[in-house]
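Participant: Each residue of the sequence shown is one higher than the one before, starting from 59 at the first, in my numbering. Heads up, the beta-carbon is just placed ideally off N, CA and C, and yes, glycines get one too. Structure incoming, see below.
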Amino acid sequence: MNDTMVTVVGNVATNVEYRESVAGGMARFRFAVTPRRWDKQSGSWTDGHTSFYTVFAWRSLAMNLAGSVSVGDPLLVHGRLKVREEEREGQRRTSVEIDAVAVGHDLTRGTSAFRRVVKAEPNLTARPAERAGRRSEEVGVAPVAVP
């Protein structure tokens, strides 16, 4: 296939939304990427225009994201770039999405502790209600995962 693969570095802008389906888990979050440039005249760094991407992840990556990522976390996202154009209410809109293949914390900006998930022990990345043996719906928790 001729997919356009990208790697972007930025920050998580929204909570990770996690949902289970027949095909497996799906996670979605918004990702902000702001370029920084050195301004020789002022002698300081200046921020460029922030671009926002909707990142989708599937199956085990989705589950691990839901248990590992919070708003504001610096990440690297690698995946397939998809640009969609549609018309709504007479206005043309463009959305940019990334189907993630790999996601990791940006270790140039902090530290991280990796925990391998053992297939027989999926609750290492489960939400707190699920660790207690209850489904989220039973305790009134929205399908948004927080670590």
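Among Thr-108, Arg-94, Ser-109, whose alpha-carbon lies nearest the alpha-carbon of Ser-102?
Facilitator: Checked all of Thr-108, Arg-94, Ser-109; the closest Cα to Ser-102 is Arg-94.
Participant: Using DSSP with H/G/I as helix, E/B as strand and the rest coil, what is Asn-122?
Facilitator: Of the three classes helix, strand and coil, the one that applies to Asn-122 here is helix, per DSSP.
Participant: Please identify the residue among Phe-87, Ser-128, Gly-106 whose C-alpha is closest to the C-alpha of Trp-96.
Facilitator: Nearest C-alpha to Trp-96: Gly-106.
Participant: Based on Cα-Cα distance, which residue from Glu-155, Glu-75, Val-176 lies nearest to Thr-62?
Facilitator: Comparing Cα-Cα distances from Thr-62 to each of Glu-155, Glu-75, Val-176, the minimum goes to Glu-155.
Participant: Just to confirm, are Val-64 and Phe-87 a CB contact at a threshold of 7 Å?
Facilitator: Going by C-beta atoms, Val-64 is not nearer than 7 Å to Phe-87.
Participant: Determine, using beta carbons only, whether Asp-164 and Val-74 come nearer to each other than 7 Å.
Facilitator: No, the pair does not count as a contact, with Cβ atoms beyond the cut-off.
Participant: According to DSSP, is Arg-117 part of a helix, a strand, or is it coil?
Facilitator: Reduced to three states, the DSSP call for Arg-117 is helix.
Participant: Assuming Val-127 and Leu-134 form a contact by the criterion Cβ under 8 Å, report the distance between their Cβ atoms to the nearest whole angstrom.
Facilitator: Contact doesn't hold; Cβ gap of about 12 Å is too wide.
Participant: Under the DSSP definition of a beta bridge, which residues are partnered with Glu-155?
Facilitator: Glu-155 pairs with Thr-112, Lys-140.
Participant: Grouping DSSP H, G and I as helix and E and B as strand, with all else coil, what is Phe-89?
Facilitator: Reduced to three states, the DSSP call for Phe-89 is strand.
Participant: Can you tell me which of the three DSSP states Thr-104 falls into?
Facilitator: Note: Thr-104 maps to strand in three-state DSSP.
Participant: Report the option in Arg-117, Phe-89, Val-113 whose CA atom is closest to the CA atom of Glu-78.
Facilitator: Closest by alpha carbon: Arg-117.
Participant: Give the secondary structure of Leu-133 by DSSP, where H, G and I count as helix, E and B as strand, and everything else as coil.
Facilitator: In the structure shown, Leu-133 sits in a strand (DSSP, three-state: E or B).
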